[in-house]
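> Heads up: the sequence shown at position 119 corresponds to 222 in my numbering, and the numbers run straight through without jumps. Can you keep this structure in mind? I'll have questions shortly.
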Amino acid sequence: MTEPRTRALLAVSATALAGLLAACGGGGGGGSSSPATTPPPAQKSTAPAGATRVTADLADFRITLSRQTYAPGTYTFVATNTGHHEHALEVEGQGSENRSSTVSPGRSTTLTVTLKDGKYQIYCPIDGHKDLGMKTQITVAGAPVNTSGTTPTAPASPAPSTSPGNGY
Ligand SMILES: [Cu+2]
104 MTEPRTRALL
114 AVSATALAGL
124 LAACGGGGGG
134 GSSSPATTPP
144 PAQKSTAPAG
154 ATRVTADLAD
164 FRITLSRQTY
174 APGTYTFVAT
184 NTGHHEHALE
194 VEGQGSENRS
204 STVSPGRSTT
214 LTVTLKDGKY
224 QIYCPIDGHK
234 DLGMKTQITV
244 AGAPVNTSGT
254 TPTAPASPAP
264 STSPGNGY
């Protein structure tokens, strides 16, 4: 009865080790019996420094994205409402769902999401706008976006101007 504390410590470190091992062993093909993994709470409204900017044009009733190909990584969608109705941007897929705030005509908002490999639906969740045509789909694939190191393929951006509509 003199060293219950040591025992407790041993038990704790053993548990921690087991936890580490379990965490490292999850590389297989996602079976249905794996424990529930909690999706990351991507609710931050501030855009992280490494996020890739994508402009999303919300018109009546159509969504136009400035980018068609996506690699896994963090993206900040800058949604501008160029229509005459209230719109919003929702990015849904791979077990996550992120909705921007509602944007009034002429205004814009941002939505930062982390995209993983797979398909995502991007649409306007307001009223029946999705069925009216405000929906599009993207496929995320390829090597993760390296935000801090060297980027092997850097697409040349013509001008860093923030004005939309560069004569596409
Ligand atoms: Cu809408």
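Even for Gly, the Cβ is constructed at its ideal location relative to N, Cα and C.
Does DSSP put K233 in a helix, in a strand, or in coil?
For the purposes of this step, residue 233 is taken as the residue at position 130 of the sequence shown. K233 falls in the helix class under three-state DSSP.
> Return yes when the Cβ of T177 is within less than 9 Å of the Cβ of D160, no when it is not.
For the purposes of this step, residue 160 is identified with residue 57 of the sequence shown, where counting begins at 1. For the purposes of this step, residue 177 is identified with residue 74 of the sequence shown, where counting begins at 1. No.
> From I229 to T212, what does the alpha carbon distance come to, in whole angstroms?
Here residue 229 refers to the residue found at position 126 of the sequence shown. Here residue 212 refers to the residue found at position 109 of the sequence shown. Roughly 15 Å between the two C-alpha positions.
> Within a Cβ cutoff of 6 Å, which residues of the same chain sit near G236, ignoring the five residues on either side of it in sequence?
As a first step, residue 236 is located in the sequence shown; it is residue number 133 there, counting from the start. F164 and R165.
> Between A162, Q197, H188 and H232, which lies nearest to R217 when the distance is taken from Cα to Cα?
Locating residue 217 in the sequence shown gives position 114, counting from the first residue. It should be pointed out that residue 217 corresponds to Thr in this sequence rather than to Arg. Closest option to T217, Cα to Cα, is Q197.
> If you draw a straight line from the C-alpha of T205 to the C-alpha of L192, how long is it?
Numbered from 1 along the sequence shown, position 102 holds the residue referred to as residue 205. Numbered from 1 along the sequence shown, position 89 holds the residue referred to as residue 192. Their backbone Cα atoms lie some 8 Å apart in a straight line.
> Anyone know if the C-beta pair for T179 and T155 falls short of 9 Å?
Here residue 179 corresponds to residue number 76 of the sequence shown, with the count starting at 1. Here residue 155 corresponds to residue number 52 of the sequence shown, with the count starting at 1. Taking 9 Å as the Cβ cut-off, T179 and T155 qualify as a contacting pair.
> Quick one: what does DSSP say G196 is sitting in, helix, strand or coil?
For the purposes of this step, residue 196 is identified with residue 93 of the sequence shown, where counting begins at 1. Of the three classes helix, strand and coil, the one that applies to G196 here is strand, per DSSP.
> Less than 9 Å between the beta carbons of T158 and V194, yes or no?
Within the sequence shown, the letter at position 55 stands for residue 158. Within the sequence shown, the letter at position 91 stands for residue 194. No, the pair does not count as a contact, with Cβ atoms beyond the cut-off.
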